[in-house]
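Numbering (the numbering used here), first residue to last: 920 to 1311. From the three backbone atoms N, C-alpha and C, an ideal C-beta is built for every residue, glycine too.
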Ligand code: SF4
C-alpha cells in the first residue's frame, strides 16, 4: 500500500439519525420517527449557529452528512440543511462534500439535482450486497439492481464521485456470491469502495437470530477468503488499498475519513454526533427528543471528555496501523514521549519477527497476513493492552 501525505483539515460531520426501517445488524443510533424530520433539520441549523465558533474561523475543507439515512430527508429538507450550514461556516475551501445515500431514495432525477445544487461532489452509497436474498436477509430496502440505476442518475446530475459500501460474511453468503457482489460493484465503476466484515453486535436482531439458531455465522476462514478475494479483485482493477477496509482509485481517497485517521479536528452536529478538537471529545446525546429540546431551548447539549495522553496514544495506534501510511515511531515519540515509543517498539518485536508487521525506516506497517490478525496486533501495541493503564 503506497503512502500519501496528509495535511490538516477542519471537517464538519452532520448526523441524520433517521431510517425508514432498521437493518438487522445495525447498532448505530437511528430512529424510524420520520415525522420529526423538519423539526430535526431546524435543530441542526440552531446547533450550527451555536457551535460554529468552536472551529475558531478555520475554513472547512470536508463536509460529510451521514447517518442513519440522510437521503431520506428528501430534496427540500436537504437543501434547507445545506443552506443553514453554509450560512454559519466558511465554505470557501471545501474540497469534498459527501452525502450518504440509500439506493432506494434515488428513483428519479429529483434528489440527484438537489444534491448537485447543494454543491455535493461525492456520494457514499450503502449497496452492501448485489444478491437479493442477502439484501432481504439484512432487511435492506433496496434490491440488487437499484445501485446501478441510482449511480447513473447521480452521474447524469454531475455527481461522478461515488463510493460503494459492501458487507462480507453475511449468513448464507458463499465465495461465489461474494465474487458476484464484488464484480457487480466493479461494474458500477465507483471511485471508492469500503468493505466491512459483518459483525454481531449484542442486542441486534442479527445477534438474536444467531442465538436462536435461525442463521449460521460464516466461519473465520471463509471470511479471510472473502477478504483476500476482495483485495485481489480490487487491486487488479486499479484500486489503492489505503486502509484495511477502504479502497480508492488514485486521487479518490476519502479526504474526510483520512482526516479522522490523522487526528485532525472536526465538529459533529446532530443527535449522537461526536466532535474532536485535538484533546477533547464532545458527545451529543444519542436521543432525538433530548437533542431537539436542547436546541429549541438554545442550549448546547454535548458532554465533554478530555482525553488522557494514553487514550490519544491508543487511538493513534488503532487508526494509523490500519492505514497504508502506517505508524511512525518518531511521531509517537514527538507526541507522547520516549516511553510510549519504547512500549510500541517492544510490543511490535514478536510481530516483526513473525512477519505480521514490517518496518520501513521508523514506520511500522501491517503486512498482508498481519491484516488478518490486525485486531490482536493493535491491541498488543496499545498502552493498556492488559487492561492496566500504566502511568508515564
Ligand atoms: S440504513 Fe444504516 S443506519 Fe439505518 S438501520 Fe440500516 S445500517 Fe443502520
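- Leaving aside the five residues that flank residue 1226 on each side, the residues in its chain whose CB is nearer than 8 Å to its CB run, in chain order, 1198, 1199, 1200, 1234.
- Here residue 937 is bridged, per DSSP, to 950.
- Contact between the region 1057-1071 and the region 1010-1023 is present, with at least three C-beta pairs closer than 8 Å.
- Between the beta-carbon of residue 1173 and that of residue 1048 there is about 21 Å, and that puts the pair past the 8 Å contact cut.
- For residue 1086, the enclosing beta strand (DSSP E) starts and ends at 1081-1087.
- Contact between residue 1237 and residue 1296 is absent: CB atoms are separated by about 11 Å, not below the 8 Å threshold.
- Below 8 Å, too few C-beta pairs join the region 1122-1134 and the region 1068-1084 to call them touching: fewer than three.
- Look at residue 1070 here: in three-state DSSP terms it is helix.
- In terms of CA proximity to residue 1018, 993 leads the group 1230, 993, 1026, 1007.
- Following the DSSP letters along the chain, one finds residue 1199 inside the beta strand (DSSP E) bounded by residues 1199-1202.
- For residue 1273, the shortest separation between its Cβ and any heavy atom of ligand 1 does not lie below 8 Å.
- DSSP places residue 1214 within a helical segment (H, G or I) once states are collapsed to three.
- Across the structure, residue 1212 and residue 1087 are spaced so that their CA atoms are roughly 39 Å apart.
- The region 1237-1249 and the region 1279-1291 touch, with no fewer than 3 CB-CB distances between them shorter than 8 Å.
- One thing to note: residue 931 has its Cβ within 9 Å of the Cβ of residue 1004.
- For residue 1043, the CB stays at least 8 Å from every heavy atom of ligand 1.
- Residue environment: residue 1151 is assigned as exposed (fewer than 16 neighbouring CB atoms within 10 Å of its CB, all protein chains considered).
- Looking at the DSSP output, residue 984 sits in a beta bridge with 933, 1018.
- Around the C-beta of residue 1111, 16 or more other C-beta atoms lie within 10 Å, and the residue is accordingly described as buried.
- Taking all protein chains in view, the Cβ of residue 1231 is crowded by 16 or more other Cβ atoms within 10 Å, so the residue is classified as buried.
- Shown here, residue 1241 sits in a helix according to DSSP, grouped into three states.
- Ligand 1 approaches residue 949 closely enough that one of its heavy atoms is under 8 Å from the residue's Cβ.
- Residue state for residue 1247 is assigned as strand, using DSSP reduced to three classes.
- Under DSSP, residue 1282 takes part in a beta bridge, and its partners are 1247, 1279.
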